[in-house]
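J.: Numbering (the working numbering), first residue to last: 1 to 492.
Glycine included, each C-beta is placed from N, C-alpha and C at the ideal position.
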Amino acid sequence: TFKQLDERASKVANLLGESGIDRGDNVILLMTNDYRFVEILFGIMRTGAVATPINIKLGSDTLSYIANHSDAKLIFTDLEMKDKALVMRNSSAEIQKVYVAGQQSSDNDSFSYDSAISDMESKFSTIEVEPDDPAMMMYTSGSTGKPKGCLLSHENKWWQARSSSRTIMHVEGDRGLIVGPLYHANALWGHLLPMLYCGGYSAILPEFSAGPVVEAIGKYRPTFMSGTPSMFSLMLAEEELLSKNDVTSIDVLMCGSAPVPEELMERMQRTFGCAVVESYGLTEAGANVISPRWGVKKLGSCGLPVPDVEIKIMDKETGSKECEVDEIGELWSRSPANMIGYYKQPDVTAEKVTTEGFIKTGDLVSSDEQGYIYFKGRKDDMINCGGENVYPKEVETIILEHPSVADVCVVATSHQVKGEAPIAWVVPKADVSLSEKELKKFFFENGPPYAHPRRVFFTDKLPVNGANKIDRLLITEMTRENIPNGLEGGRD
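Shown next, in the form of structure tokens:
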């Protein structure tokens, strides 16, 4: 209940006080999905300390780097993540204690979280903070180098929870099913915090697995779910379970954190029979674009700017002028959700945030005459094929229209003549026969010839990262392994 959450968060806050944690100290959460994650998160912020959720799928080297970079004083973890937490503790002289949820008693390396809070008072006088004080630090994926600690203020999180709740039109009595990792923005402040803000209910699954999620919809009868395109694609493939479980309780599905193909949106609407909204956002600037729950939705568009969010679409080469309607450029965003900055990296922050307070997202979009935003892809993902700009999402959307394709990811490979060229990794639907020749022919009939995939590789499933997004870095590496010298001219 809300009362129990309040009392247990106060117990956590008292535990932190006894552990020597002060306002402004960083405290790590390295945990799988669990209700204790939520009480610890609020307990940390209640003391004025900074909650730092960490991706549990990171390797030891990256965890060691974060342990040192974050200056964290304490770690909360669970039995499953204990070994990784100890790697972090042993990497940093700053980390004083490790508390393990689910551990029956303390040992030489760690303390039992459950035993520790059972002795704590359930009342705590919340430490006063300023709205722009740090409340949370979330580390980016580090796709272009070491992970960056994105500092978010109390105002950032309060505004984001309220804005998302109102935009989705949550009401008291709504029921959410959290299927993504709580250390990631999609589940944490795209789902959990807005649902708590409106007085709603949340069932938290320990991890995402498509079959159990479909069964959980029938069991918990949620009215709301959020997830990534890859998660919903896997769920839609569970045709037998979908036929056995009633999924009609859902009023609205929110899909985001990665490009959402139009074909996927249509399948979601047909299967779940509910409103499907696409959202766009990023850790540094919150969920700032969303398709309206009611009113005009446009397939292929991630929607309209959220109220109080200012958006510019700037020339993608120079950033010196705003783009015209339908012209592709980089999205810049300014809102109360904008981050404080990157922890201990003022130079990187200055590159990311303009003097006017706009965050350069690195994402390529266009807008139509009514202001609807169309996501095209990351600047880093754009493929320059013989002078033509090829956007992976557009190639993927066309391939997904083929009736035998379940999922696809398009990446670049080097090309001796054109510089770069698109390569497709395709997951065929079950029990169908599909060839590279057939798929290329389909693309030539339905898409621009210059953008056709020069090679098509078939796979049972696409790899995903810790945020349940398709892992484009890994797929690019897989492509290099299969085409080590790139492509030549001729038929390519």
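(1) Once DSSP output is grouped into helix, strand and coil, what is the label at D363?
(2) DSSP three-state call for R270: helix, strand or coil?
(3) By the DSSP assignment, the beta strand (DSSP E) with Y201 in it spans what residues?
(4) May I ask you to report which of helix, strand or coil DSSP gives K513?
(5) Using DSSP with H/G/I as helix, E/B as strand and the rest coil, what is P134?
(6) DSSP three-state label for T413, please.
(7) If I measure Cβ to Cβ from D407 and keep anything under 6 Å in the same chain, skipping five residues before and after, which residues do I get?
(8) Using C-beta distances below 8 Å, list every residue in its chain close to G486, excluding the 5 sequence neighbours before and after it, in chain order.
(9) Report the rounded CA-to-CA distance for S226 versus N68, giving the unit in angstroms.
(10) Can M120 and A51 be called in contact, C-beta distance under 8 Å?
(11) Taking contact to mean 3 or more Cβ pairs, one atom from each stretch, closer than 8 Å, check whether the stretch 325–332 and the stretch 150–160 are in contact.
(12) Please go through the stretch 327–357 and give each complete beta strand (DSSP E) segment of 3 or more residues, from N-terminal end onward.
(13) Taking V456 as the reference, give the member of C409, L474, D380 with the closest Cα.
(14) Assuming R89 is part of the alpha helix (DSSP H), what are its boundary residues?
(15) Tell me the rounded alpha-carbon separation between I95 and K73.
(16) Curious, which full-length alpha helix (DSSP H) runs of at least 4 residues does the stretch 385–430 contain?
(17) Which residues in the same chain have their Cβ closer than 6 Å to the Cβ of E7, if we skip the five residues on either side of it in sequence?
(18) Spatial neighbours of A116 within its chain, please: C-beta separation below 7 Å, excluding the five flanking residues on both sides.
(19) Can the beta-carbon of G200 be found less than 8 Å from the beta-carbon of V129?
(20) Would you check if the stretch 380–387 and the stretch 420–439 touch, i.e. whether three or more CB-CB distances between them fall below 8 Å?
(21) What distance in whole Å lies between the Cβ atoms of N446 and I398, which are believed to be in contact at a cut-off of 8 Å?
(22) Short of 6 Å in beta carbon distance, which residues of its chain neighbour E262, apart from the five on each side in sequence? Order them along the chain.
(23) From this set, D347, L400, G341, E327, which residue's C-alpha is nearest L364's C-alpha?
(24) Determine, using beta-carbon pairs with one atom in the stretch 175–184 and one in the stretch 302–320, whether at least three such pairs fall under 8 Å.
(25) Curious, which full-length beta strand (DSSP E) runs of at least 3 residues does the stretch 121–193 contain?
(26) Give the DSSP-derived three-state secondary structure of V296 in the structure shown.
(27) With DSSP as the reference, please indicate the residues paired to N26 in a beta bridge.
(28) Kindly identify the DSSP beta-bridge partner or partners of G227.
(29) Cβ of A101 within 8 Å of Cβ of D34?
(30) Just to confirm, are S64 and V87 a CB contact at a threshold of 8 Å?
(31) Taking the alpha carbon of R267 as the point to measure from, which residue in S257, I470, S249, L242 has its own alpha carbon closest?
(32) Flag this pair as yes or no: are the beta carbons of S91 and N26 separated by less than 8 Å?
(33) Could you tell me how far apart the beta carbons of N468 and M231 are, in whole angstroms, since I believe they sit closer than 8 Å?
(34) Count the other CB atoms, across all protein chains shown, that sit within 10 Å of the CB of K352; report buried if there are 16 or more and exposed otherwise.
(35) Measuring CB to CB, does C255 end up less than 8 Å from E278?
(36) Buried or exposed: which applies to K538, given that a residue is buried once 16 or more other Cβ atoms fall within 10 Å of its Cβ?
T.: Quick look at the numbers:
(1) Here residue 363 is taken as the residue at index 363 of the sequence shown, counted from 1. The three-state secondary structure of D363, taken from DSSP, is strand.
(2) Here residue 270 is taken as the residue at index 270 of the sequence shown, counted from 1. Here DSSP, grouped into helix, strand and coil, assigns R270 to helix.
(3) Counting from one through the sequence shown, the residue named residue 201 turns up at place 201. Its beta strand (DSSP E) spans residues 201–204.
(4) Nothing can be reported for residue 513: it is not among the residues displayed for the chain, which extend from 1 to 492.
(5) Looking up residue 134 in the sequence shown gives position 134. In the structure shown, P134 sits in a strand (DSSP, three-state: E or B).
(6) Residue 413 sits at position 413 when you count from the first residue of the sequence shown. In the structure shown, T413 sits in a strand (DSSP, three-state: E or B).
(7) Locating residue 407 in the sequence shown gives position 407, where the first residue counts as 1. Only S233, V427, L462 meet the Cβ criterion.
(8) Taking the first residue of the sequence shown as 1, we reach residue 486 at position 486. If we look at G486 and ignore the five residues flanking it on each side, its Cβ neighbours are T413, S414, H415, Q416.
(9) Reading the sequence shown from its first residue, position 226 is the one you call residue 226. Reading the sequence shown from its first residue, position 68 is the one you call residue 68. S226 and N68: Cα-Cα distance of roughly 33 Å.
(10) Within the sequence shown, numbered from 1, the residue matching residue 120 stands at position 120. Within the sequence shown, numbered from 1, the residue matching residue 51 stands at position 51. Contact flag unset, no.
(11) Cβ pair count under 8 Å is below three, so no.
(12) Runs found: 329–334.
(13) Translated into the one-based positions of the sequence shown, residue 456 becomes position 456. The shortest C-alpha separation from V456 is found at C409.
(14) Locating residue 89 in the sequence shown gives position 89, where the first residue counts as 1. Residue range 82–91 is occupied by the alpha helix (DSSP H) that includes R89.
(15) Sequence index remark: in the sequence shown, residue 95 carries index 95 (1-based). Sequence index remark: in the sequence shown, residue 73 carries index 73 (1-based). I95 and K73 have their C-alpha atoms spaced approximately 4 Å apart.
(16) Restricting attention to alpha helix (DSSP H) runs no shorter than 4 residues, the stretch 385–430 encloses them at 392–400, ordered along the chain.
(17) By 1-based counting over the sequence shown, the position of residue 7 is 7. For E7, where only same-chain residues beyond five positions count, the Cβ hits under 6 Å are S122.
(18) Taking the first residue of the sequence shown as 1, we reach residue 116 at position 116. So the list reads L15, Y99, once near-sequence residues are dropped.
(19) Residue 200 sits at position 200 when you count from the first residue of the sequence shown. Residue 129 sits at position 129 when you count from the first residue of the sequence shown. Not closer than 8 Å, so no.
(20) At 8 Å Cβ cutoff, the stretches touch.
(21) Position 398 of the sequence shown, counted from the first residue, corresponds to residue 398. Position 446 of the sequence shown, counted from the first residue, corresponds to residue 446. The C-beta separation of I398 from N446 comes to about 5 Å, placing the pair in contact by the 8 Å criterion.
(22) By one-based count along the sequence shown, residue 262 stands at place 262. Here E262 has L299, G300, T397 as same chain residues with Cβ atoms under 6 Å from its own Cβ, once five neighbours each way along the sequence are excluded.
(23) Stepping through the sequence shown from its first residue, residue 364 is reached at position 364. The residue with the shortest Cα to Cα distance from L364 is E327.
(24) Touching, no.
(25) DSSP runs (the beta strand (DSSP E)) wholly in the stretch 121–193: 134–139, 149–153, 175–178.
(26) Counting from 1 along the sequence shown, the entry for residue 296 is found at position 296. Judged by DSSP in its simplified three-state form, V296 adopts coil rather than helix or strand.
(27) Numbered from its first residue, the sequence shown carries residue 26 at position 26. Paired residues: V50.
(28) Start at 1 with the first residue of the sequence shown, and residue 227 comes out as number 227. When DSSP reads this structure, G227 sits in a beta bridge with C255.
(29) Numbered from 1 along the sequence shown, position 101 holds the residue referred to as residue 101. Numbered from 1 along the sequence shown, position 34 holds the residue referred to as residue 34. Judged by their CB atoms, A101 and D34 are nearer to each other than the 8 Å cut-off.
(30) The residue labelled residue 64 in the question sits at position 64 within the sequence shown. The residue labelled residue 87 in the question sits at position 87 within the sequence shown. Yes. Within cutoff.
(31) Residue mapping note: residue 267 aligns to position 267 of the sequence shown, counting from 1. Residue L242 is the option with its Cα nearest to R267.
(32) Translated into the one-based positions of the sequence shown, residue 91 becomes position 91. Translated into the one-based positions of the sequence shown, residue 26 becomes position 26. Going by C-beta atoms, S91 is not nearer than 8 Å to N26.
(33) Working through the sequence shown from its first residue, we reach residue 468 at position 468. Working through the sequence shown from its first residue, we reach residue 231 at position 231. Contact holds; Cβ gap of about 5 Å.
(34) Residue mapping note: residue 352 aligns to position 352 of the sequence shown, counting from 1. Burial state of K352 is buried, judged by a 10 Å Cβ sphere holding 16 or more other Cβ atoms.
(35) Here residue 255 corresponds to residue number 255 of the sequence shown, with the count starting at 1. Here residue 278 corresponds to residue number 278 of the sequence shown, with the count starting at 1. For C255 and E278, yes; Cβs fall inside 8 Å.
(36) Here the chain comprises residues numbered 1 to 492, so residue 538 is not present and cannot be evaluated.
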